[in-house]
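These protein sequence lines are chains A and B, in that order.
Numbered according to our numbering, the first sequence spans residues 2 to 359.
Numbered according to our numbering, the second sequence spans residues 48 to 398.
Ideal Cβ positions, reconstructed from N, Cα and C, are used throughout, including at glycine.
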Amino acid sequence: MFAEIKGKIEAGERLSRDDALYLFQSDRIHEIGELADKVSRRVNGDRVYFILNRHINPTNICVNRCRFCAFSRSKGDRDAYEMTIDDILEDVRKAKQELGRLSEVHIVSGLHPDWNFDYYLEILSSIKSEFPEIGIKAFTAVEIDYFSRKSGLSEEEVMLRLKEAGLDIMPGGGAEIFESSVRNQICPEKISGERWLKIAKTAHTLGIKTNATMLYGHVESYEDRVDHLFRLRELQDQTGGFLAFIPLSYQPENTDIKVPYPSGIDDLKTIAISRLVLDNIPHIKAYWIMLGEKLAQLALLFGADCLEGTVIEERIAHSAGARSKRGMGISEIVHLVRETGKIPVERDSFYNSLRIYG
Amino acid sequence: MANTLRLEKEYALKMIQEIHLHELGKEADQIRRRLHPEEVVTFVVDRNINYTNVCINRCKFCAFWRPKEDPEAYVITYDELSQKIEETIAKGGTQILLQGGVHPELGLDFYVEMLRFIKKNFKIHVHGFSPPEITFLSRKEGLSVREILIRLKEAGLDTIPGGGAEILSDRVRIRQSPNKIKSDEWLSVMREAHLLGMKTSATMMFGSIDSDEDIIEHLDKLRSLQDETAGFTAFIPWSFQPWNTELKRENPEIEPAGAVKYLKVLALSRIYLNNFPNIQVSWVTQGIKIAQVGLRFGANDFGSTMLEENVVRAAGVSYRVTMDEIISAIKSAGFKPAQRDTYYNVLKYFE
């Protein structure tokens, strides 16, 4: 079976669901990694992309209380917080000052019960007016759905207005695992997998590129992971709107789902199989925040061609016990990439190369 | 167990520089599987006890040592020692890793009394000191290394850990640890210990100012000595942790070795050291996830639970885990966890 899968990959043929499941169940980590690396080089050459970005989470107050989340708080909690527009702009200014230049802000947030849609529009337009050169990647499908329900606008209208206000692309969060019984266990209040995919599709139709994620290593089975990857591949066949896929390794601390961290071997295998299955999504991102810097580096030889950027201050995964740093410097990223023998490429939000560290 | 096929030095260099990580991993994994077909990964329950942080060696890669007159300088009291050993035993520990500092004023009597005190009061294996401490005692007391080892052994020293090896290449040692014993001295302490029937381990610290040639030189020296004595139980490579060290201040261009380099070195170690029964991962320097991956790059041992660790922590690394986490990490990596003693005998399986 492995030889057959290898043959398919080498011939550029698509893997079936059974192939993908076989790979997840296999312990041939080196061979799987080798194949994924080959595919990654076929798609992206020896390049490894990263971006100078800053994460901003305007509030941790959230009406959804997903069981895997250690970040969210209820209104009135002692450690609940809300950022003003000035707070947000100040963070962007500081980030730009610290790094010398900034290419993207990444904004995701809790679903705040009181904030109205105009406030989110104002966040985007304020950033865009002070920093027209910075790309804004903002709001997951979960937030779009919430804005739509709160404002009474259709999801198309919500995304169009966000786009007008300055939104460039959308992140891929909130996908978790699409399969409904898993979702009922881990995030019963969150929108369904079908709804997530529908919103992504709408975004793509409106010309907004998005990413996609998968949160793995909690209660899901390998079949659920395969199903997740295939639903993404099917949608991508229709729209071509996904830029990058980001597997997210579960962080169990301070959450209601007590399981061990996924093993480093499982993390690498998941990255590699993602690369092999998602033949139509250009980039696979190693999210060093959850993997740790060391494993993220290794992922670059197991199918990933993109490293999460400088970030500066990560809050969500660190609430759940992420042992990585909160941010990384440019020289650190460049060194990590170079040790793999690949070439670090600084990119913009749309994966245009800005600077090649030859 | 020795594999008759031996890697030549020249080919080893080619392997680490030119052969793809996956190829190296595959080969090391196969060798590990052949030597340890039962798919068991062992660990020891122990505590590091650093009896002093005063050290005359003042290695530039070390952030732990203090000068004698420093307010943070200490020598452990017997009360503290007893308390630490009691806690270790209470947690199921079978050994203590007892190491300095090479304190200029502590002579053989101090060591002998400390060992006797431990052995009189506790039933615990003492994995203690390292070649720099033993060589220092030999010079201070005007006795041969062999004589010092005999006296320590009689007083209760069971085995010797492989620390202080760093890189067994004097070119590098002169620059990063000029006061520390040279390669031959390190090897000859281990040789004497093995000849007295004491087992030891061997370590390697790479990723500072060493080259790939130095790494292979190191492996080659260990393999040769093991041919002579068969006294090494295990090999443990780990990477230089640059934070808070003089070596980093003097050489700001040094970046910490990444996981890719670590796994290449680990795999090459398994391939090259065909007469070493065990290769250990270093979760303290690499973190649990890379340690798990290391089990597929040649390693078969998870090291120790380290109920207390001070030296690496001083250099800015903060990976800390419990025994349950180690057991769970071994299982989720696909292996059967087992607690072992210092001689790598299995004491207990965890299903």
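Whole-Å CB distance - residue i paired with residue j, under 8 Å assumed
i: Phe349(B); j: Asp76(B); result: That pair is no contact at about 16 Å.
i: Val91(B); j: Arg387(B); result: 6 Å
i: Ala314(B); j: Ser286(B); result: So it is not a contact: roughly 14 Å between Cβ atoms.
i: His336(A); j: Glu297(B); result: Contact doesn't hold; Cβ gap of about 18 Å is too wide.
i: Phe323(B); j: Pro284(B); result: Actually they are not in contact, since the Cβ atoms of Phe323(B) and Pro284(B) sit about 11 Å apart, beyond 8 Å.
Burial state of residue i, where buried means 16 or more other Cβ atoms lie within 10 Å
i: Met161(B); result: buried
i: Tyr50(A); result: buried
i: Tyr390(B); result: exposed
i: Met48(B); result: Bear in mind that the predicted position of Met48(B) carries a pLDDT of just 45, short of 50, making it too unreliable to give a figure here.
i: Ala21(A); result: buried
i: Phe351(A); result: exposed
i: Ile195(B); result: buried
i: Lys343(A); result: buried
i: Tyr98(B); result: buried
i: Asn226(B); result: exposed
i: Glu177(A); result: buried
i: Tyr158(B); result: buried
i: Gln130(B); result: exposed
i: Ala380(B); result: buried
i: Met251(B); result: buried
i: Met215(A); result: buried
i: Tyr396(B); result: exposed
Which listed residue (the options) has its alpha carbon closest to that of residue i
i: Ala338(B); options: Ile373(B), Asp257(B), Leu315(B); result: Ile373(B)
i: Ala297(A); options: Leu216(A), Lys76(A), Ile209(A), Ile334(A); result: Ile334(A)
i: Asp225(A); options: Phe3(A), Ile6(A), Ala12(A), Arg18(A); result: Arg18(A)
i: Gln146(B); options: Met353(B), Arg198(B), Asn95(B), Val307(B); result: Asn95(B)
i: Ala245(A); options: Lys138(A), Val227(A), Tyr358(A), Gly111(A); result: Lys138(A)
i: Asp93(B); options: Lys138(B), Ile228(B), Leu153(B); result: Lys138(B)
i: Arg327(A); options: Ile313(A), Ala321(A), Ser126(A); result: Ile313(A)
i: Ile78(B); options: Ser375(B), Tyr158(B), Tyr319(B); result: Tyr319(B)
i: Thr332(B); options: Pro289(B), Arg113(B), Leu242(B); result: Pro289(B)
i: Glu32(A); options: Ile62(A), Glu5(A), Ala166(A); result: Glu5(A)
i: Phe231(A); options: Val109(A), Leu277(A), Ser27(A); result: Leu277(A)
Span of the alpha helix (DSSP H), counted from its first residue to its last, around residue i
i: Ile96(B); result: It is not in any alpha helix (DSSP H) - Ile96(B) instead sits in the beta strand (DSSP E) that spans 93-97.
i: Thr135(B); result: 125-137
i: Leu394(B); result: Where Leu394(B) is concerned, there is no enclosing alpha helix (DSSP H), although the beta strand (DSSP E) it sits in stretches over 393-396.
i: Thr271(A); result: 265-278
i: Asn45(A); result: 30-45
i: Thr250(B); result: Where Thr250(B) is concerned, there is no enclosing alpha helix (DSSP H), although the beta strand (DSSP E) it sits in stretches over 247-253.
i: Ser152(A); result: 142-152
i: Ser324(A); result: Here residue 324(A) is Arg; the residue named in the question, Ser, does not match the sequence. Neither: Arg324(A) is in no alpha helix (DSSP H) and is coded neither H nor E.
i: Ala96(A); result: 86-100
i: Ala75(B); result: 68-82
i: Gln327(B); result: Segment: none, Gln327(B) is in no alpha helix (DSSP H) and carries neither H nor E.
i: Asp231(B); result: 230-242
i: Ile373(B); result: 370-379
Contacts of residue i in chain B (Cβ-Cβ under 9 Å)
i: Pro261(A); result: Glu372, Ser375, Ala376, Lys378, Ser379
i: His229(A); result: Residues of chain B passing the Cβ test: none, with the nearest at roughly 21 Å.
i: Glu165(A); result: Residues of chain B passing the Cβ test: none, with the nearest at roughly 43 Å.
i: Leu302(A); result: His67, Leu68, His69, Val307
Interface partners of residue i on chain A, CB under 8 Å
i: Ala306(B); result: Lys295, Leu296, Gln298, Leu299
i: Arg343(B); result: Ile30, His31, Ile266
Contact set between residue i and chain B, taken where Cβ atoms lie within less than 8 Å
i: Leu269(A); result: Val340
i: Leu337(A); result: Gly305
i: Glu144(A); result: By Cβ distance, chain B contributes nothing, its closest Cβ being about 30 Å from Glu144(A), past 8 Å.
N-terminal and C-terminal residue of the beta strand (DSSP E) that residue i is part of
i: Pro248(A); result: 243-250
i: Gln142(B); result: 142-146
i: Pro179(B); result: Careful: Pro179(B) lies outside any beta strand (DSSP E), inside the alpha helix (DSSP H) at 178-188.
i: Leu355(A); result: 354-357
i: Gly175(B); result: 172-175
i: Val106(A); result: 105-108
i: Phe279(B); result: 279-286
i: Asp51(A); result: Sequence check: residue 51(A) is Phe here, not Asp. Looking at the DSSP string, the run of the beta strand (DSSP E) that includes Phe51(A) is 48-51.
i: Thr211(A); result: 210-217
i: Asn54(A); result: 54-57
i: Glu347(A); result: 344-348
Partner residues on chain B for residue i, Cβ-Cβ distance less than 7 Å
i: Glu134(A); result: What Glu134(A) touches in chain B: nothing, since even the nearest Cβ is about 30 Å away.
i: Glu35(A); result: His69
Per-residue contacts from residue i into chain A (C-beta, under 9 Å)
i: Glu300(B); result: Per Cβ cutoff of 9 Å: no residues; Glu300(B) is ~10 Å from chain A at best.
Interface partners of residue i on chain A, CB under 7 Å
i: Lys295(B); result: What Lys295(B) touches in chain A: nothing, since even the nearest Cβ is about 14 Å away.
heavy atom of the ligand SAM below 7 Å from residue i C-beta
i: Arg162(A); result: As presented, the structure is devoid of all ligands, the ligand SAM included, so that no description of it is given.
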